[in-house]
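J.: Residues in the sequence shown are numbered from 16 upward in steps of one, following the working numbering.
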Amino acid sequence: MPETNNRLWQQRYRDGAPEPDAFIPDAVVATLLEHRSVRAYLDRPLPDGTLETLLAAAQSAASSSNLQVWSLLAVEDPQRKARLAELANGQAHIRQAPLFLVWLADFSRLQRLAERREVELQALPYLDSFLVGAIDAALAAQNAVTAAESLGLGTVYIGALRNQLQAVSEELRLPPLVYPVFGLCVGYADPDRPAQVKPRLPQSLILHRETYAVHEQEAQLIDDYDRAIAAFFAAQGQQSPGWSRQSLERLKSIETLHGRERLAEAVKAQGFPLR
């Protein structure tokens, strides 16, 4: 591969990762491969039109049956950002970022339309409809992230908004049939605290062809990846237990959900029976 392409590949999969026989990067692919989570922002305002540009990119994402059952709530007020930060485990970058976006699954718009036209939405309470809202919001958000990064901005998703979903819903005055899927910080990355591209699992563990098949060297490949993650954090002066241990620790105890074990209850309180 050309030198630039090789750098992007090694940056994402780390030194020693086998290079593909064919790799087709362009400007968009390069932006995607250089994605990183930014958790330190400058106190610098965004250019006029940034929010509208990101929203246009988001609305250009695919939408199941063109239902468009999502909405975007932009938060710029420092006090509201501070309250949301506390509800999300005290994450300081929510306060730092000039723009905090809350991505909402939103069926209230269609419910209001149905009421005006005296139509009963019998499919709305079912789990698939709930998933459509969450998936549509995620697709839209990822488009916005790619757009933001192409404009030289940094971002980081905030799943911890779901830790206290009911309190977040009250803070944002969300009506029934609307729930926050996650948040997103947007701003200029602090160059004094640069974020790095985190290595991912090798493609051979992720890609299956035709039918699902467990890689015969899965254990060894995970061990190798654990070492790559450990080296990644060590280079930044941090310690890591490794991907495998961290992942199992994250799922083996209810306590690691930090309140999200009550998510179904909170979602039902927002008007979703989840049948």
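We put the CB at the ideal spot given by N, CA and C, even for glycine. Remember, it's a predicted structure, so these values are computed and weren't measured experimentally.
#1: Using 10 angstroms around the beta-carbon of H108, count the other beta-carbons present and answer buried if the total reaches 16, otherwise exposed.
#2: Can you say whether V44 is buried or exposed, counting buried as having 16 or more other CB atoms within 10 angstroms of its CB?
#3: When you compare only the Cα positions, how much space is there between F145 and A129?
#4: Which of the three DSSP states is assigned to I39 in this structure?
#5: Going by the DSSP bridge assignment, what does G198 pair with across the sheet?
#6: Given that a residue counts as buried once 16 or more other Cβ atoms are within 10 Å of its Cβ, and exposed if not, what is V134?
#7: Go to S255, then tell me how far its alpha helix (DSSP H) extends in each direction, as first and last residue.
#8: Using three-state DSSP, classify A182 as helix, strand or coil.
#9: Going by other Cβ atoms of all chains shown within 10 Å of its Cβ, with 16 needed for buried, is Y227 buried or exposed?
#10: What three-state label does DSSP hand Y203 in the structure shown?
#11: Which two residues bound the contiguous alpha helix (DSSP H) that contains L125?
#12: Quick check on this structure: which residue in A245, S75 and A42 has the alpha carbon closest to the alpha carbon of Q157?
#13: Skipping 5 residues on each side, what residues in its chain have a beta carbon closer than 8 Å to that of L266?
#14: Output the residue ranges of the alpha helix (DSSP H) runs that lie fully inside the segment 214-239 and measure 4 residues or longer, sorted by chain position.
#15: If we ignore side chains and look at the alpha-carbon of each, how far apart do Q251 and L222 end up?
#16: Quick check: the segment 228-236 against the segment 198-215, are there 3 or more CB pairs under 8 Å?
T.: Short version:
#1: buried
#2: exposed
#3: 17 Å
#4: coil
#5: V117 and I173
#6: exposed
#7: From DSSP, S255 is part of no alpha helix (DSSP H); its letter is neither H nor E.
#8: helix
#9: exposed
#10: coil
#11: S123 to R131
#12: S75
#13: none
#14: At a cut-off of 4 residues, the continuous stretches assigned as alpha helix (DSSP H) that sit fully inside the segment 214-239 are 218-221.
#15: 30 Å
#16: no
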